[in-house]
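J.: The structure's right below; bear with me while I get my questions together.
Residue numbers (our numbering), protein chains in the order written: chain A, 110 to 558; chain B, 110 to 558.
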């Protein structure tokens, strides 16, 4: 709770935590709900949950604090409820009917199962899986759900150990359900999607990764919409691993995008997950309408097996002007077995002068490290043969990965090196398309969509 | 030249370097001009310049090599000439008229001054500045040019030393001309644009960076079009540093984009340079029409001074699942003064378990290293206050850079630390907008344009 001067002011003004408050400072005016003090936060700082759903901390020195006389913006709340469309005020227990097709939902934490943590004023992954589902009773209309929660973590702290566990749980659930949904934090959702794409070959059924960019306590929360669309995909005929998230800023439709060709391209927008060098596999509407945008393998009788071997000694390195090649030597010295270098343009890396990467790349290659090149531009395809500099890098040992995303390349390299000892065999595997990560031809209309 | 078996085959078939040849292998058929052998290339490899302008090397074992009986595709060449529109077959000397306004062109190498290097079969930065201009006689219609070539380098090998030299030459030329054009390789063009943005405060005149995605010997070359549009910007009323490149795939118009808010987003497309979290400053047509898209400072009498101090001990680090925080310790141990971490989502970095970055960030901060966070998503704005994990990173010492691009943040951090010793002062400068690198509000329509 607040202490010192702030406590005095709040007491004097009759403002309690949860009450509406106005703080005016430096010509700006903040109105919202008073939140509890942040642990470890400054003693002079007051935290307000603004009407837009974000919390702000304001240093109260030289600020005017007063009780808000205007009531909570009910109109806005009503609108938010309308926008959300599917949040019921009370947590009614959902009864799933046994005659509906079964889908497994595996929750792993992240914003989609988050709410405000009143200890810190921030958002944390605390909500129980059941609680998340109570918010979306519409699901009961068309699926019967099995729920599992192998672990709960915000996605930025995930590692390959989580991917391996998750792949095993998904493979097991695929035997029991028509399809599997994985709910997950969005920050590294695309890494996990790539990992499951490689770790679950010949899966025969849909595996749908779903997240939320906004927590459920916000009017603009997108988790429910994504989950309903995701459940539609889980029942569909598409046997693929992909991410199902908002296709546009509005609640229009979701896009289901291949797990190896997708990237979080915006910090906060609901339509942040975009296909890169690829079209979405399909558009999907909450009523079950699905519009396929490319060929996707159909359901089959193949039984998914989790193939999870992974070499964690791989790294992803950005190149930029002035970047010392020491960074390569560093990883080689630490016994890394694979490196993905983000190369500029068609695949160039510094080749001249003191900053030339050539001898470090050669040294790494000689030590048996597999050095790959992926496009820092994200879009487009590497072609090291156009420029002499690219050829020099290739001759020094860089394996160029065509139009594979750097993030996907990192995941694939760990997976490949988890399976084989031979660098030559690993090279061959890196250039073999396992899960749509390399396309033969990039359609021009896949740029910036 | 070719040796061994290939030499024999070529001799037998009567095929000379420069002649048209067909190589058939594994069901594929390659037709094009025979190029000289690549130095250090495989003895079994034959190099062909395909009709699309790219060179391919083909291992001739198990291949069928024959002389092409079809003539050079003249129709295509004609079309290419038409598409190019401005390449004269012979190199006529351009005479600039003294009564036209003067623009300085500073050439630095890169594709825009490149042609095929017959030694390697690749493209190298060999063309003389004059030669480049002979290709674009239209420039003489509306400008009188001064040309300088302080250095020639492919842009992936540039360092801050090149930026510093370039800034000084630009500042000096701004005193003599109405505006300055810098021709430059595209791979790191956006880094140099950011560097010049910070190193040339209050410039009072336009500084236009221009590159080419395709070399002049290719039908789809874009250098001439970009340069003509760039010259129009150099004469305009916009006192800003920016990149002028194709706005679309066609020869429609160029976009002039702020030097701190632009990124190469595609490996090969002519419209690869896109504004991020910003609109272009203007659209420009080769006939001189300019359509401003936002407010830009007008020309003034201020005299540009190159402010080039730069601290090279800065690094740009990507975060990803499983990435060990050792990388931070490594740079701290090497005496680096600043780090830009590419953080996921709203600014998260690994905070839990063995891979937590928190203690390494704290250690770096305690050692006086300025640790900044920029958005790995590229688009959007960091807000570490939404999630507890973001707050933890902020409290450990990460300075969040709003909607600044990671690449721009790297350049700015080097520039800021080149100017001040105090970390507190440096933090303040990092959050001060010097050249449009931080916007107050991001327009929704700036996503993926």
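For glycine and all other residues, C-beta sits at the position ideal for the given N, C-alpha and C.
Quick one, which of 154/A, 113/A, 306/A and 282/A has its alpha-carbon nearest residue 517/A's?
T.: Locating residue 517/A in the first chain gives position 408, counting from the first residue. Residue 517/A has its Cα closest to that of 306/A, out of 154/A, 113/A, 306/A and 282/A.
J.: I'd like the span of the alpha helix (DSSP H) that includes residue 503/A, first residue to last.
T.: The residue you call residue 503/A lines up with position 394 of the first chain. Note, residue 503/A: alpha helix (DSSP H), 497-505.
J.: Whose Cβ in chain B lies nearer than 8 angstroms to the Cβ of residue 464/A?
T.: In the first chain, residue 464/A corresponds to position 355, counting from 1. What residue 464/A touches in chain B: 266 and 268.
J.: Starting from residue 544/B, find everything on chain A with Cβ-Cβ shorter than 7 angstroms and list it in chain order.
T.: If you number the second chain from 1, residue 544/B lands on position 435. By Cβ distance, chain A contributes nothing, its closest Cβ being about 18 angstroms from residue 544/B, past 7 angstroms.
J.: Go to residue 116/A, then tell me how far its alpha helix (DSSP H) extends in each direction, as first and last residue.
T.: Residue mapping note: residue 116/A aligns to position 7 of the first chain, counting from 1. Element bounds for residue 116/A: 113-122.
J.: Taking 8 angstroms as the threshold (C-beta atoms), are residue 314/A and residue 408/A in contact?
T.: Against the first chain, residue 408/A aligns to sequence position 299. Against the first chain, residue 314/A aligns to sequence position 205. In contact: residue 408/A and residue 314/A (Cβ atoms closer than 8 angstroms).
J.: Given this structure, state the Cα-to-Cα distance separating residue 127/A from residue 142/A, to the nearest angstrom.
T.: The residue labelled residue 127/A in the question sits at position 18 within the first chain. The residue labelled residue 142/A in the question sits at position 33 within the first chain. The alpha-carbon atoms of residue 127/A and residue 142/A are separated by roughly 5 angstroms.
J.: I'd like to confirm something about residue 509/B: is its beta-carbon nearer than 7 angstroms to some heavy atom of the ligand PLP, or not?
T.: The ligand PLP is absent from the structure shown, which contains no ligands of any kind.
J.: Specify the secondary structure class of residue 363/A as computed by DSSP and reduced to three states.
T.: Walking along the first chain from the start, residue 363/A turns up at place 254. Correct three-state label for residue 363/A: strand.
J.: Taking the continuous alpha helix (DSSP H) assigned at residue 133/A, which residues delimit it?
T.: Along the first chain, read from residue 1 onward, the residue named residue 133/A stands at position 24. Taken as a continuous stretch (DSSP letters only), residue 133/A belongs to no alpha helix (DSSP H), being part of the beta strand (DSSP E) at 129-134.
J.: Please list the partners that residue 355/B has in chain A, where partner means a Cβ-to-Cβ separation under 7 angstroms.
T.: By 1-based counting over the second chain, the position of residue 355/B is 246. Ordered by position in chain A, no residue passes the 7 angstroms Cβ test against residue 355/B, which lies about 12 angstroms from the chain.
J.: Starting from residue 296/B, find everything on chain A with Cβ-Cβ shorter than 7 angstroms and list it in chain order.
T.: In the second chain, the residue the question calls residue 296/B occupies position 187. Those within 7 angstroms of residue 296/B in chain A are 453, 454 and 457.
J.: Step through the CB atoms of chain B and report whether any lies within less than 8 angstroms of the CB of residue 258/A.
T.: Taking the first chain and counting its residues from 1, the one referred to as residue 258/A is at position 149. It does not: the Cβ of residue 258/A has no partner Cβ on chain B nearer than 8 angstroms.
J.: For chain A, is any of its Cβ atoms less than 8 angstroms away from the one on residue 392/B?
T.: In the second chain, residue 392/B corresponds to position 283, counting from 1. No - not a single Cβ of chain A is within 8 angstroms of the one on residue 392/B.
J.: I want to verify the contact list: residues of chain B whose CB lies under 9 angstroms from the CB of residue 553/A, in sequence order.
T.: Here residue 553/A refers to the residue found at position 444 of the first chain. Chain B residues near residue 553/A: 358 and 378.
J.: Can you name, in chain order, every residue of its own chain whose Cβ lies under 8 angstroms from the Cβ of residue 242/B, other than the five neighbours on each side?
T.: Counting from one through the second chain, the residue named residue 242/B turns up at place 133. Cβ within range, chain order: 203, 214, 248, 254 and 256.
J.: On the three-state DSSP scale, how would you describe residue 374/B?
T.: Taking the second chain and counting its residues from 1, the one referred to as residue 374/B is at position 265. Looking at residue 374/B - three-state DSSP - the assignment turns out to be coil, as it is neither helix nor strand.
J.: Give me, in chain order, the residues of the same chain whose beta-carbon lies closer than 7 angstroms to that of residue 280/B; leave out the 5 immediate sequence neighbours on both sides.
T.: Taking the second chain and counting its residues from 1, the one referred to as residue 280/B is at position 171. Excluding sequence neighbours, residue 280/B sits near 309, 413, 414 and 415.
J.: According to DSSP, is residue 169/A part of a helix, a strand, or is it coil?
T.: Position 60 of the first chain, counting from 1, holds the residue named residue 169/A. Of the three classes helix, strand and coil, the one that applies to residue 169/A here is coil, per DSSP.
J.: Report the residue from 131/A, 532/A, 538/A and 521/A whose alpha carbon sits nearest the alpha carbon of residue 272/A.
T.: Taking the first residue of the first chain as position 1, residue 272/A is located at position 163. Checked all of 131/A, 532/A, 538/A and 521/A; the closest Cα to residue 272/A is 521/A.
J.: Determine the DSSP secondary structure at residue 303/A, reduced to helix, strand or coil.
T.: For the purposes of this step, residue 303/A is taken as residue 194 along the first chain, with counting starting at 1. Residue 303/A: helix per DSSP, three-state reduction.
J.: Can you give me the C-alpha to C-alpha distance between residue 335/B and residue 437/A, rounded to a whole angstrom?
T.: To locate residue 335/B, count along the second chain from 1; it is residue 226. To locate residue 437/A, count along the first chain from 1; it is residue 328. For residue 335/B and residue 437/A, the distance between alpha carbons rounds to 36 angstroms.
J.: I'd like the list of long-range same chain contacts for residue 267/B, defined as Cβ closer than 6 angstroms, with 5 residues on each side in sequence excluded.
T.: Along the second chain, one-based indexing puts residue 267/B at 158. Only 297 meet the Cβ criterion.
J.: Is the beta carbon of residue 459/B sitting closer than 8 angstroms to the one on residue 428/B?
T.: Counted from its first residue, the second chain places residue 459/B at position 350. Counted from its first residue, the second chain places residue 428/B at position 319. In this structure, residue 428/B lies closer than 8 angstroms to residue 459/B by Cβ.
J.: Quick one: is residue 417/B near chain A, going by C-beta distance under 8 angstroms?
T.: One-based indexing of the second chain puts residue 417/B at position 308. Residue 417/B does not count as touching chain A.
J.: Could you check whether residue 299/A and residue 352/A sit closer than 8 angstroms to each other, using their CB atoms as the reference points?
T.: For this step, residue 352/A is matched to residue 243 along the first chain. For this step, residue 299/A is matched to residue 190 along the first chain. The answer is yes: Cβ separation under 8 angstroms.
J.: For residue 302/A and residue 176/B, what's the separation of their Cα atoms in angstroms?
T.: Position 193 of the first chain holds residue 302/A. Position 67 of the second chain holds residue 176/B. So the alpha carbons of these two residues sit roughly 49 angstroms apart.
J.: Looking only at its own chain, which residues have a Cβ that is under 7 angstroms from the Cβ of residue 403/B, when we skip the five neighbours before and after it?
T.: By one-based count along the second chain, residue 403/B stands at place 294. Cβ within range, chain order: 388 and 390.
J.: Residues of chain B with a CB under 9 angstroms from the CB of residue 255/A: which are they?
T.: As a working note, residue 255/A is residue 146 in the first chain. Under the 9 angstroms cutoff, chain B gives no residues; its nearest Cβ is about 26 angstroms from residue 255/A.
J.: Checking contacts by CB at 8 angstroms: is residue 374/A closer than that to chain B?
T.: Residue numbering aside, residue 374/A sits at position 265 when the first chain is read from its first letter. It does; some Cβ of chain B falls within 8 angstroms.
J.: Applying a beta-carbon distance threshold of less than 7 angstroms, which residues of chain A neighbour residue 486/B?
T.: By 1-based counting over the second chain, the position of residue 486/B is 377. Those within 7 angstroms of residue 486/B in chain A are 373, 374, 375, 376 and 381.
J.: Which residues in the same chain have their Cβ closer than 8 angstroms to the Cβ of residue 123/A, if we skip the five residues on either side of it in sequence?
T.: Looking up residue 123/A in the first chain gives position 14. For residue 123/A, where only same-chain residues beyond five positions count, the Cβ hits under 8 angstroms are 176.
J.: Look up residue 553/A in the DSSP assignment and give the residues it is bridged to.
T.: By one-based count along the first chain, residue 553/A stands at place 444. Partner(s): none; residue 553/A has no beta bridge.
J.: On the criterion of 16 or more Cβ atoms from any shown chain inside 10 Å, does residue 494/B qualify as buried, or is it exposed?
T.: One-based indexing of the second chain puts residue 494/B at position 385. When all chains shown are included, residue 494/B counts as buried.
J.: Name, going along the chain, the residues of the segment 309-340 of chain B whose beta-carbon falls closer than 8 angstroms to a beta-carbon of chain A.
T.: Against chain A - using a Cβ distance shorter than 8 angstroms - the segment 309-340 of chain B contributes no residues.
J.: Measuring straight from C-alpha to C-alpha, what distance separates residue 424/B and residue 211/B?
T.: Reading the second chain from its first residue, position 315 is the one you call residue 424/B. Reading the second chain from its first residue, position 102 is the one you call residue 211/B. Taking the straight line from one Cα to the other gives about 39 angstroms.
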